[in-house]
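These notes concern the structure reproduced below.
Protein chains in written order, with this note's numbering: chain A, 1 to 281; chain B, 1001 to 1424; chain C, 2001 to 2353.
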């Protein structure tokens, strides 16, 4: 049983329990929807809900048919491949350009820092529908609509703010004299960057990259406006599935995606620990 | 992180006790470093300008730029210049229109003109297309001589003053028409702005969007505050375990969470089955495809954006304040209100603004679970982009939404600092 | 992973990302049971016969996507299944290729295409008819209360037949039905709907059942709503209900009174780099046998020789058999009023009940 300070009277204690109960309920609200879809994805019937058989744990009520359906459907397989391709290249572009810019922004001599930071972070704030409409108008002029290049550029722009935020965070407390020291020892700036700066900020770069990847991997509005039939991605496939023909294949995909996010969360946590160790926190 | 502007560097050049050469050197050195820092940002600035700012600028331009009619019937519009707006324009205008229409019919663009004119005056489209089809058979000489009569003979709408006023109105390359429509306004025949006579939906929709966003913001506050409090005050091990339960949803795909709510809320869904199984209700409740569904699902999706900033602020609050107040005999509630709560306001306002900004522009979740009442302004923008093909109106509606967002972002930047966005 | 490793995998992915520029035709249609029938009778046999690869995609109608592709000169789609309502507009705006009539194959009985097709199927130079279809309403015979609905007026009669009704969220068809239910004769519907009073009358009639309406976006949701209890009566494309009855054994009944019938056509997107192949596909897919296959989803063939192949048991379920109680969807009316009525319809939806 928990020990309370002496000055706690009954109502204090009741208050503490009430608070915890509320917090528990909110956590339930957060987790329950995600947990519910996992068993539903093993439904042997084409329904989006628990059947009686499932509730009485009959083995026949469960099946892997919706997972098989993903493998057998060329559209889903294409979507999975496209999601990884677009996510991968968008991440590379966003991370490299974003890291460079973050190093510049962290320098105490950076001019117009506030304005530039606000501008570079704005893709995070502008509603996707506005970005999508604008990109649709603008990218058509360059024949970028319906191409992988167009989507990669679009997603990279969305990922940039995350890279900047995470890299700047690891750069706080970064000693800029290290850079100078490297230069004074005769190394060229690129080499200093690679051998001195990059190792120190690597955790920030990687987690920024992960954010950029997830942003692209989960993005659907820009895909709806910019992708052609060859570029459909997992979220795009889910979106049209939910709008038109709802069946548990989507739940199976969703369950797989939940596991992807668990993996991501774990890797981020490892990175955070590593970063703390590196910075001696 | 602290806001280091280049103010911090000023003392270097202004320091007393330096010779002029030294000061000059310091200034040059400073400029060099500024340049170097800036050079690192340039590649990204160039990229973002192309990938992001240019598209936004194009959209803004599109909201006032509509060259279709001008490009299609330049001659007619030139002749229409001298028309006073009263009575049927004279025959030279009509003839010019007849000639233009024949040309359009031949290169299959009469439909484009019909569509553009129809937008200002419903019912014009078929008149334009049918006339163009008829004039296509007429030879050029006859048309030049007798165009006006042929035009009037093809469709009696060409005699109407209203139609010609509409031609003149839509025949301007730049116009504020779509912005007026987006605000439920229009210009009358005299050119004065007045409330739109036809449909009035957009102001209502903006209000509704803000209302939904506000409700979601308040809900995330009510739910997020106690959770963040318990998380911030729990022992480290418990806290990090519970934190996973906040972060996992945060990291889970938006579509996965929306899918989950569809499974939960639908007529034969999990919630209805449970409630009916327990006997709370006899008939399934209608929850999916309502405003309620939009609000619940979006609250769920945006809750981590409230919990995380609150948590990081609460984590930094020294517990001894509250302890002191309580041990001195203060009741918990006044102590909370007067001591603890004010210290959490920065986190609360950061979270609230973030949630509000994100929800105002939301598209996917309302589109999938909102049905008719749960639609927000983004959905109508998408509708005009994808279904009604009224790209100019979509752009104008988007521009207004953008103004709203920029204003909120500006407030956020003032209060919190844009670079302080916390990413867990 | 070093830089080299990243580069290698990037190159590997880039190679994967650029599918060899094989001759591929992209055909776009409405999906669901209808799409499945087209796949079975048109797409798959065409691939087998020609050796060309076809990418078969779904869309939900409208011309916006076609327009975007043509204006950007970036053609993604080659052949589109398009509703006649949209066909008028798309063709006159120069978004579609004109399909020469002499490429169309004669019927299996040897009758020339021009005489074999029903005139409506070739009415527009940009399209060749694929199906006759109709918007009807259906009810679930197990959940319906108050008797057996048989007219459009019954659809609007919530006193006799309580329960939710589902309609597609568009002005089209709903306004026609409102007027028919309000006693306007079928042949006058579009004349009345062109007037302000007529429009007000239609919306007033819709108002009477507004609280009992559920809206959906795509046709495939209609049988689902009827199935999962979301509604007791649904507006639907006839084939979707037919499919649910025939394939899934659902206890649904169709009501043909006041059905609004129309055609779908194959059309080729203007400027497609695969124009020859597109025409080749259209030629194949509008042959007697492929068209007759659409009876699987109870959509009527658009040529006489195809009609001869229809299973007599299905005939009563085809739109062709129910034209006398139906109304032909007026593409020209909707080209004129689609946008203004669409806006009014949205306004009406947003008005709080």
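Cβ atoms here follow ideal geometry from the backbone N, Cα and C, with glycine treated the same way.
Remember, predicted model here, so these are calculated numbers, not experimental data.
With respect to the 8 Å criterion, residue 36 of chain A and residue 1263 of chain B are classified as neighbours on the basis of their beta carbons. Under the DSSP assignment, residue 2038 of chain C falls in the alpha helix (DSSP H) whose first and last residues are 2032–2038.
By the Cβ-count criterion, residue 17 of chain A is exposed, with fewer than 16 other Cβ atoms from all chains shown falling within 10 Å of its own Cβ. For a Cβ distance threshold of 7 Å, residue set 1372 of chain B lies close to residue 2349 of chain C, ordered along the chain.
Three or more Cβ pairs drawn from the stretch 135–145 of chain A and the stretch 1053–1069 of chain B lie within less than 8 Å of each other, which places the two stretches in contact. The C-beta distance from residue 2081 of chain C to residue 2029 of chain C rounds to 4 Å, short enough to fall under 8 Å. In this structure, DSSP gives residue 116 of chain A a helical state, which the three-state scheme calls helix. DSSP places residue 2344 of chain C within a helical segment (H, G or I) once states are collapsed to three. For residue 2228 of chain C, the chain B residues whose Cβ falls inside 8 Å of its Cβ are 1266, 1267 and 1268, in order along the chain. The beta carbon of residue 2301 of chain C sits closer than 6 Å to the beta carbons of 2291, 2292 and 2307 from its chain, once the five residues preceding and following it are set aside; these are given in chain order. Taking every protein chain shown into account, the CB of residue 77 of chain A has fewer than 16 other CB atoms within 10 angstroms, so this residue is exposed. Of the other Cβ atoms in all chains shown, fewer than 16 fall within 10 Å of the Cβ of residue 1024 of chain B; this residue is therefore exposed. A contact is defined here as three or more CB-CB pairs under 8 Å, and the stretch 2065–2072 of chain C fails this definition with respect to the stretch 2031–2049 of chain C. Against chain C, the beta carbon of residue 243 of chain A has neighbours under 7 Å at 2217 and 2218, listed in chain order. Straight through space, the alpha carbons of residue 2085 of chain C and residue 2123 of chain C are spaced by roughly 12 Å.
Straight-line spacing of the CA atoms in residue 2214 of chain C and residue 2165 of chain C works out to 6 Å. Beyond the five residues adjoining it in sequence on each side, residue 2252 of chain C comes within less than 8 Å, by CB distance, of 2138, 2139, 2140, 2141, 2223, 2226, 2241, 2244 and 2245 in the same chain, given in chain order. For the stretch 138–154 of chain A, residues whose beta-carbon sits nearer than 9 Å to a beta-carbon of chain C comprise 139, 140, 141, 143, 144, 145, 146, 147 and 148. Bounds of the beta strand (DSSP E) holding residue 1194 of chain B are 1193–1195. Taking a beta-carbon distance threshold of 8 Å, residue 1302 of chain B does not count as an interface residue toward chain A.
Under the Cβ criterion of 8 Å, residue 2295 of chain C is not counted among the residues facing chain A. Residue pairing by DSSP puts residue 2262 of chain C in a beta bridge opposite C:2133.
Sequence-distant partners of residue 1366 of chain B (beyond 5 residues in either direction) whose C-beta falls short of 6 Å from its own C-beta, in its chain, are 1294, 1374, 1375, 1376 and 1379.
Between the alpha carbons of residue 1270 of chain B and residue 1284 of chain B lies a distance of about 11 Å.
Between residue 228 of chain A and residue 2076 of chain C a beta carbon distance of about 4 Å is seen, short of the 8 Å cut, so the two are scored as contacting. As a beta-bridge residue in DSSP terms, residue 2300 of chain C pairs with C:2132.
The C-beta of residue 82 of chain A has 16 or more other C-beta atoms within 10 Å across all chains shown, which makes the residue buried. For the stretch 1023–1079 of chain B, the continuous alpha helix (DSSP H) assignments of 4+ residues that do not extend past its boundaries occur at 1054–1062 and 1068–1072, in sequence order.
For residue 77 of chain A, no Cβ of chain B is located within less than 8 Å of the residue's own Cβ.
Of all residues in the stretch 213–229 of chain A, only 228 and 229 come within less than 7 Å of chain C when Cβ atoms are compared, listed by chain position.
For residue 2029 of chain C, the pairing in a beta bridge is given by DSSP as C:2058.
Against chain B, the beta carbon of residue 2067 of chain C has neighbours under 8 Å at 1389, listed in chain order. Selection C:2109, C:2121 and C:2254 evaluated against residue 2101 of chain C yields C:2121 as nearest (Cα-Cα).
With 16 or more other Cβ atoms inside 10 Å of its own Cβ, residue 49 of chain A counts as buried. Among the residues of the stretch 1026–1043 of chain B, those with a Cβ less than 8 Å away from any Cβ of chain A are 1030, 1033, 1034, 1036, 1037, 1038, 1039, 1040, 1041 and 1043, in the order of the chain. For residue 1416 of chain B, the secondary structure class from DSSP, reduced to helix, strand or coil, is coil.
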